[in-house]
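Note that the protein sequences, when read in sequence, are chains A and B. All the letters of the first sequence, read from the start, carry residue numbers -10 to 101 under the numbering used here. All the letters of the second sequence, read from the start, carry residue numbers -10 to 101 under the numbering used here. See structure below.
There are 2 protein chains.
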Amino acid sequence: MAANRTSKKTACCSDTNPCPLPPDQSAEQLATLAWAIAHPARVRIVRLLISRNTCVCGEIVDEMPLAQSTVSQHLKILKESGLVQGEVDGPRVCYCINPENLSALKALVGSL
Amino acid sequence: MAANRTSKKTACCSDTNPCPLPPDQSAEQLATLAWAIAHPARVRIVRLLISRNTCVCGEIVDEMPLAQSTVSQHLKILKESGLVQGEVDGPRVCYCINPENLSALKALVGSL
DNA sequence: AATGTTTATCGTCGATATACGATAGGCGAC
DNA sequence: GTCGCCTATCGTATATCGACGATAAACATT
């Protein structure tokens, strides 16, 4: 599912016009971001990334009772949602929170 | 990597009980609540229920481009998550937000 | 009692999430 | 170079979602 990110509403406001937020579009954005944390394993991953302010690499697997491939899948979902970004750093990949989208999630939930 | 057990423990509880709420539980609670709004249709339903402060009955179906059975399914999911509660009122069922769990969702997301 | 309205449930379909093991690829260390 | 570590991907199996139509259940009205 994972709400398609190719939603073409665009009928609400023009490019230059502020138009706070088209209801449908913000609904899909919120759904996408909520979907990212709609699994306990991903919640734990997100919290881990936030607590360790620096990027985290393989430690994530050690903290979770899941296979490495499964954790990789969750990380992929988190990356696709935009809540997490990963950067290659030599032999390992370091993940960190995307603060912009985390703020967006907080704002969208907070304004419910 | 199980070397840094000491710094992993955050003070999740401080009262009489020896931590009856392990991090997993709050992760599951957040995942459950996030799952409730992890679909655009459910986001719209939740927003509709919040905007109309009174309970809403069949109007939800009219506002959504979905079949009645599908909307009923989404409402069932929202009820199971605890974010929405429904009360029988004569021949119809009236839904309203469960403010307690909505606050819990906001708090959990906000404290990320 | 019969009817109409409203909501829930059933059955079904396709699509996708979740989990795992096995495998492939990249990079540092020896 | 070869080896070992870390991560991604593939393939697979199971379970669930999301959607619909059709039907059942509960209630007010007639």
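All residues carry an ideal CB built from backbone N, CA and C; glycine is no exception.
Item                                                                                                                                                           : Value
Quick test of the definition: if touching needs 3 or more C-beta pairs under 8 Å, does the stretch 85 to 101 of chain B touch the stretch 81 to 99 of chain A? : yes
Buried or exposed: where does Leu10 (chain B) fall if 16 or more other Cβ atoms within 10 Å of its Cβ makes it buried?                                         : Residue placement at Leu10 (chain B) is poorly supported in this model, since its pLDDT is 47, which falls under 50; the coordinates still yield a value, given next. It is exposed - the Cβ of Leu10 (chain B) has fewer than 16 other Cβ atoms within 10 Å.
With DSSP as the reference, label Ile66 (chain A) as helix, strand or coil.                                                                                    : helix
If the criterion is Cβ atoms closer than 8 Å, does the pair Ala27 (chain A) and Ala96 (chain B) meet it?                                                       : no
Here's the rule I'm using: 16 or more other beta-carbon atoms within 10 Å means buried, otherwise exposed. How should Ser70 (chain A) be labelled?             : buried
Is Ile26 (chain A) helix, strand or coil when you go by DSSP?                                                                                                  : coil
Chain B beta carbons: is any one of them nearer than 8 Å to that of Val98 (chain A)?                                                                           : yes
Using the three-state DSSP reduction, which class does Gly71 (chain B) fall into: helix, strand or coil?                                                       : coil
Classify Arg41 (chain A) as helix, strand or coil using the three-state DSSP reduction.                                                                        : coil
Taking DSSP as the reference, what is the three-state secondary structure of Lys(-3) (chain B)?                                                                : Any reading at Lys(-3) (chain B) must be qualified, since the residue scores a pLDDT of 35, below 50, and its modelled position is unreliable; the value itself is stated next. Helix at Lys(-3) (chain B).
For chain A, check one thing: does any of its Cβ atoms lie closer than 8 Å to the Cβ of Leu94 (chain B)?                                                       : yes
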